[in-house]
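Notes for the one structure printed next.
Number of protein chains: 2
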Amino acid sequence: MTVARYEQIASELRDEIVRGDYPIGAQLPSETELASRYAVARGTIRQAVAVLAAEGLVGSRQGARRIVLGSERSQSFAELHSFAQWARSMGYRASGSVLSSRRRACTAAEAERLSLTPGEEILTVLRLRRLDGEPVLVERTVYAGWIAPAVEKLDPECESVTQELYESVGLVFAYGEHLIDAVAAGSDDARLLGVRRGSPLLRQRRTTTSQEGRPVEWSDDRYRAGSVTFSIRNSTSANPLVRRAGD
Amino acid sequence: MTVARYEQIASELRDEIVRGDYPIGAQLPSETELASRYAVARGTIRQAVAVLAAEGLVGSRQGARRIVLGSERSQSFAELHSFAQWARSMGYRASGSVLSSRRRACTAAEAERLSLTPGEEILTVLRLRRLDGEPVLVERTVYAGWIAPAVEKLDPECESVTQELYESVGLVFAYGEHLIDAVAAGSDDARLLGVRRGSPLLRQRRTTTSQEGRPVEWSDDRYRAGSVTFSIRNSTSANPLVRRAGD
DNA sequence: TAAGCGAACTTGTACAAACAAGCCAGACCA
DNA sequence: TGGTCTGGCTTGTTTGTACAAGTTCGCTTA
């Protein structure tokens, strides 16, 4: 019994929703009814449905039954942060290769983003990622100096950096911030991705932080248009996505 | 006492974080300490910090003190869904105009997205939105037939559709799903936004749902590159953003 | 017929208590 | 010196209770 009871209940309910027992627009049973069905306290049921609400699967208003909003399973944090793990879960074959890897002193902007002092050493890595052999993503990553040795030891053709770093030094990626916009392909991007210069790319700039809240990496990832879409569900009560003015 | 106690506490803590009393990386006081400071039960404190965790401001691991991850205030659901309300909160002047508005029978794909039966009548609206006079967004929206009359009554120059619909018929936008990717500007897009054909646009396709879970609109919004960025924070415990394979 | 009222139902908020599980630092031992 | 271990601290899980607040729907009444 390693997982919490409310997690089990959440996943049973999620399965029922995904399976179509509760189609979109349908009402969920009341908390009291679920509580007696699963023989737990109402608070436990509330925690379970809170999980589903955070995933955007169900919505709720005080006084009215909870309703089903969607039926697609959302992925885990790892699948968002790790290209390889995401690809695998979608049934794609992911590959990739390091095109360059260099140490240098960090700029003021990089210091800011990684909570370093300006001039501290960082490691920059340029990677090209492929889905089923097709290049879809150019990754320009800056790693904080303290993790650089572990990154340099990785196999250049290493599939999942996230997983390798966990296995080699026990580093866990726990938190992330993402900025998403569109840019035109530069000449390097265009050559690597096999598209024309100036064609649209989906850009995801992200910082990743360890469990302890220590910034680990800052990355500029550019996806070939059409290869990847970001998806999000939100509501008046849970609204993680934010629109910002550009640069 | 219209707002919940835990909301008040969450907003006091958020203010302290934003103000810098707890800088990024710092530890928050323990739940027990906060409980006695605010003279509430520990459960209430847990609800308050859960709010901050959902906003991505703080992270937590069992056994260790909670840590501050960020200090930027995230916006409300309304500010994501309503271009006008977002612009206003950012200090921009938003304007917009309806370029065309037509009723027709819906296609199978539209019926699917809006939970209609194929052939049912819908309303399509093309809007151009401006920030401080500059065109930044082309909006192609499909409204379900039942809301069409209220939409047609709106002023073509109406600033905030969301707000007007609330005031005229009491419609509340409560839930949304968003698909974000990059596309090349078509000739219409290019002309309206004043960019070259083929230049990159940030595309946000979204469906919006009323409080009751009834789909209201489906929209294809295209932002001029550089004008808008989407931002999101996530963690192992809260992961609403999802990456998908393209089309 | 239509508006209004109210009772039953449902979710939201808050408190209190107990135990489980993970983290951390200082003490202890080799 | 370096590793291990233990005890206290902190967050996570679960139960139970009580009341507040909003929704729904049928019944009454004008």
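Residue numbers (the working numbering), protein chains in the order written: chain F, 1498 to 1744; chain Z, 1498 to 1744.
Virtual Cβ for every residue (Gly too), placed ideally from N, Cα, C.
Open item on the list: Distance cutoff 7 Å, beta carbons only. Does L1699 (chain F) sit that close to anything in chain Z?
Closed with: yes
Task: Proximity below 7 Å, CB of T1705 (chain Z) to CB of F1727 (chain Z) - done: no
TODO: Check each candidate in F:G1517, F:A1523, F:R1511 and name the one with the smallest Cα separation from R1711 (chain Z).
DONE: F:A1523
TODO: Give the range of the alpha helix (DSSP H) segment to which I1506 (chain Z) is assigned.
DONE: 1502 to 1516
Task: Contacts around P1615 (chain F), its chain only, beta-carbon distance under 6 Å, and the 5 residues preceding and following it disregarded - done: A1605, A1608
- [ ] Give the interface partners of V1680 (chain F) over in chain Z, defined as CB-CB distance under 7 Å, in chain order.
- [x] P1697, A1722
TODO: Using a cut-off of 8 Å between C-beta atoms, extract the partners of I1564 (chain Z) located in chain F.
DONE: E1709, G1710
Open item on the list: Once the 5 residues before and after R1719 (chain Z) are set aside, which same chain residues still bring their CB inside 6 Å of it?
Closed with: V1635, D1686, L1698, R1700
Task: Which listed residue (F:S1527, F:I1506, F:Y1640, F:L1613) has its alpha carbon closest to that of L1620 (chain F) - done: F:Y1640
TODO: Determine the closest residue to T1529 (chain F) out of F:R1741, F:L1549, F:Q1505, F:R1563, with distance taken between C-alpha atoms.
DONE: F:R1563
- [ ] Going by DSSP, name the residue or residues bridged to Q1544 (chain F).
- [x] Q1544 (chain F) pairs with nothing; no bridge assigned.
Open item on the list: Among Z:K1650, Z:R1637, Z:V1537, whose alpha-carbon lies nearest the alpha-carbon of Q1505 (chain Z)?
Closed with: Z:V1537
TODO: Classify D1652 (chain F) as buried or exposed, calling it buried when 16 or more other Cβ atoms lie within 10 Å of its own Cβ.
DONE: exposed
- [ ] Give the interface partners of Y1503 (chain Z) over in chain F, defined as CB-CB distance under 7 Å, in chain order.
- [x] What Y1503 (chain Z) touches in chain F: nothing, since even the nearest Cβ is about 13 Å away.
Task: Distance between beta carbons of E1674 (chain F) and G1540 (chain Z), contact taken as under 8 Å - done: Not really, about 29 Å apart at Cβ, beyond 8 Å.
TODO: For chain Z, find out if any of its Cβ atoms is closer than 7 Å to the Cβ of I1729 (chain F); answer yes or no.
DONE: yes
TODO: Report yes or no: is there a C-beta of chain F within less than 7 Å of the C-beta of E1674 (chain Z)?
DONE: yes
Task: Cβ of A1671 (chain F) within 7 Å of any chain Z Cβ - done: yes
Task: Within chain F, partners of F1592 (chain Z) - CB distance below 9 Å - done: Per the sequence presented here, residue 1592 (chain Z) reads as Ser, with Phe not at that position. Here the premise fails: no neighbours, minimum Cβ distance about 16 Å.
Open item on the list: So I1521 (chain Z) contacts chain F; which residues on that side make the cut at Cβ distance below 8 Å?
Closed with: S1612, G1710
Task: Selection of the stretch 1594 to 1623 of chain F by Cβ proximity to chain Z, strictly under 9 Å - done: S1612
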